[in-house]
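Since the structure comes first, as C-alpha cells, the remarks are kept for the end.
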Ligand code: GLY
Ligand code: MN
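Residue numbers (this note's numbering): 5 to 470.
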C-alpha cells in the first residue's frame with residue numbers, strides 16, 4: 005500500500021478531469037467456488053486498488069464531485085466473522101489509510117444513489133465484470149443488468165485509462181519487484197524441467213516461488229511442451245528428452261503489481277540443432293523489437309518491424325516467398341505469429357482490459373484491424389514516458405492452422421507448404437520481457453536477468469540435468 009496522500013492525489017486528479025457528478029467504484033466481492041463458504045482467491049478490482057487501495061471484499065467507494073465528498077460504504081466484521089476469519093481493521097481504520105474520513109454502512113449506498121437519481125445527477129461507473137457486482141449495481145440504479153452496458157461512463161473510462169497508463173516512479177518500483185519474482189519463477193522452471201517428470205511439476209515449482217514471495221501469480225500459468233497453443237493451460241504431459249518447453253508465467257506482488265515473462269528452453273540439457281536455429285530466429289525478432297522502442301514511435305510500427313523480420317527469416321529458410329512488405333500486408337507471416345507484440349501491464353497483467361481493449365491499446369478514434377493476427381494486437385499506441393508493456397514475439401507451428409490455410413488456399417502465393425510441413429511438429433517459441441519508456445529512453449524492467457540467449461539458457465538447463 006502507498007502513502008494515503010498518493011491515493012488522495014489520484015482521486016483529486018480524477019475528479020478534476022471529470023468535473024462533475026458522482027463516481028462509483030463498487031469493489032469486488034468474494035466469489036463462491038462450490039458452496040458459499042468456499043470461495044475463489046479474492047482479487048480486488050484494480051481501479052478500486054488504484055484510487056482507494058483497500059484490499060478487502062464488499063466495499064463500495066464513491067466520489068461526489070459536486071459535494072466535494074468521498075465516502076466508503078462497508079460493514080465492520082461481526083463477532084461471528086472474527087471468530088472464523090480473525091480480527092480485522094475497522095472500516096474507519098482502513099479508510100484512514102487511504103485518506104478517507106466518511107465511512108457509512110454498506111446498506112446506505114442504495115438510498116444515496118436513489119436520491120442522486122431523483123435529482124437526475126450523473127453517476128459515472130465502468131462495467132463490473134463480476135456478475136454479483138453487476139446485479140448489485142443494477143439494483144442500485146433501478147435498471148436491468150443488461151442495460152448497464154449502455155450506461156457506462158465513457159468520460160470515466162477514458163479518465164481512468166489516461167491516469168493509470170502512465171506509471172509513477174513508485175508504481176514502476178512495485179512492477180520491478182513483480183518482474184524480479186517472475187525471473188525467479190522462470191529460472192526455477194528451467195531447473196525443474198527434465199525428462200520423466202510431468203508438466204504439472206514444473207508449474208508447481210513456478211507457483212511455489214510466487215506464493216512464497218507473499219503475492220500470487222498474475223495469470224494462470226502456461227507451462228507446456230505444446231507451446232504452439234498460445235494459452236495452453238493443460239499440464240498433464242510427461243516430458244521427454246528432445247521436447248521444447250514453453251513457460252509463460254508472472255508474479256503479482258502483495259501490492260498487486262504484475263510481472264509477465266515467457267521463456268522457451270529444452271527439457272533435455274541442450275537445444276537440438278533444429279531447435280537452436282528456430283530459437284535464434286525468434287530471438288532476432290525480440291532484438292528487433294527492442295531496437296525499435298522509442299518515445300513517440302507507435303507500438304504498431306514496432307509490431308510491424310517484428311513481422312517483417314519474421315517474414316525475412318522465414319524467406320531465408322524457404323518457408324515464405326515473395327516481397328516482405330507484401331507478405332506482411334497480406335498477413336501471411338501470421339501463420340507463424342498469430343498474436344500481437346505485447347500489451348500494457350500494471351495492476352492487471354493485461355492492464356485495464358476490462359475497460360475495453362481498444363480504448364487501452366489504441367489512440368482515440370483508431371479501430372482495430374480485423375485481419376487474422378493483427379486483430380490480436382492489443383497495444384498499438386504511440387509510446388509515451390511511463391508506459392509499461394510487454395515485448396513478446398513468438399514463432400509457432402500450429403498444425404490445425406496450417407491445415408486450414410492449406411485447404412482454403414489462404415496466402416498460398418507467399419507460402420511454400422512443402423517446406424512448412426517439415427516443421428509441422430516443432431511446437432512454439434516465445435520470449436517475453438517487460439519494458440518501460442523512461443526519461444532516458446526504453447528500459448527493461450527488473451533488476452534480475454532472465455536467461456535468454458542459447459548459451460544463457462543452456463548454462464541453467466545443462467547444469468541441472470546431471
Ligand atoms: N502472458 C499471457 C499473455 O500475455 O497473454
Ligand atoms: Mn504477456
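For glycine and all other residues, C-beta sits at the position ideal for the given N, C-alpha and C.
Computed from a predicted model, the values in this text were never measured in an experiment.
Should residue i go down as buried or exposed, given a rule of 16 or more other Cβ atoms within 10 Å for buried?
i: residue 71; result: exposed
i: residue 78; result: buried
i: residue 267; result: buried
i: residue 311; result: buried
i: residue 421; result: exposed
i: residue 73; result: exposed
i: residue 133; result: exposed
i: residue 3; result: Residue 3 is absent from the model: the chain starts at 5 and stops at 470.
i: residue 290; result: buried
i: residue 88; result: exposed
i: residue 213; result: buried
i: residue 30; result: buried
i: residue 445; result: exposed
i: residue 202; result: exposed
i: residue 451; result: exposed
i: residue 52; result: buried
i: residue 460; result: exposed
i: residue 462; result: buried
i: residue 46; result: exposed
i: residue 63; result: buried
i: residue 3; result: This structure gives no information on residue 3, because the portion of the chain shown stretches from 5 to 470.
i: residue 124; result: exposed
I need the boundaries of the beta strand (DSSP E) containing residue i, first residue and last residue.
i: residue 441; result: 437-442
i: residue 248; result: 248-253
i: residue 448; result: 445-448
i: residue 393; result: 392-395
i: residue 26; result: 26-30
i: residue 269; result: 265-270
i: residue 108; result: 106-108
Quick check: does the Cβ of residue i come within less than 7 Å of any heavy atom belonging to the ligand MN?
i: residue 9; result: no
i: residue 268; result: no
i: residue 347; result: yes
i: residue 174; result: no
i: residue 394; result: yes
i: residue 436; result: yes
Between which two residues does the alpha helix (DSSP H) carrying residue i extend?
i: residue 184; result: 173-196
i: residue 295; result: 277-296
i: residue 154; result: 152-155
i: residue 1; result: Any question about residue 1 goes unanswered here, given that the chain covers just 5 to 470.
i: residue 161; result: 158-168
i: residue 74; result: Taken as a continuous stretch (DSSP letters only), residue 74 belongs to no alpha helix (DSSP H), being part of the beta strand (DSSP E) at 73-77.
i: residue 328; result: 328-334
i: residue 20; result: 8-22
i: residue 482; result: Since the first residue shown for the chain is 5 and the last is 470, residue 482 is missing from the structure and cannot be characterised.
i: residue 116; result: 113-122
i: residue 433; result: Where residue 433 is concerned, there is no enclosing alpha helix (DSSP H), although the beta strand (DSSP E) it sits in stretches over 432-434.
i: residue 398; result: No alpha helix (DSSP H) contains residue 398, which is instead part of the beta strand (DSSP E) from 398-400.
i: residue 307; result: 303-320
i: residue 374; result: That residue, residue 374, is in no alpha helix (DSSP H); it is neither H nor E in DSSP.
i: residue 357; result: Looking at the DSSP string, residue 357 is not in any alpha helix (DSSP H), and its letter there is neither H nor E.
i: residue 458; result: 458-468
i: residue 421; result: 421-425
Beta carbon of residue i: closer than 7 Å to some heavy atom of the ligand GLY?
i: residue 249; result: no
**Message:** Give the residues whose C-beta lies closer than 5 Å to at least one heavy atom of the ligand GLY, in chain order.
**Reply:** Listed by chain position, these are 252 and 264.
**Asked** What runs of the beta strand (DSSP E), each 3 residues or longer, lie entirely inside the stretch 211-260?
**Response** Counting whole runs of 3 or more residues, the stretch 211-260 contains the beta strand (DSSP E) stretches 226-228 and 248-253.
**Request:** Would you mind listing the alpha helix (DSSP H) stretches within the stretch 40-104 that are 4+ residues and don't spill past its ends, in chain order?
**Result:** Entirely contained in the stretch 40-104, the alpha helix (DSSP H) runs reaching 4 residues are, in chain order, 50-56, 83-89 and 95-101.
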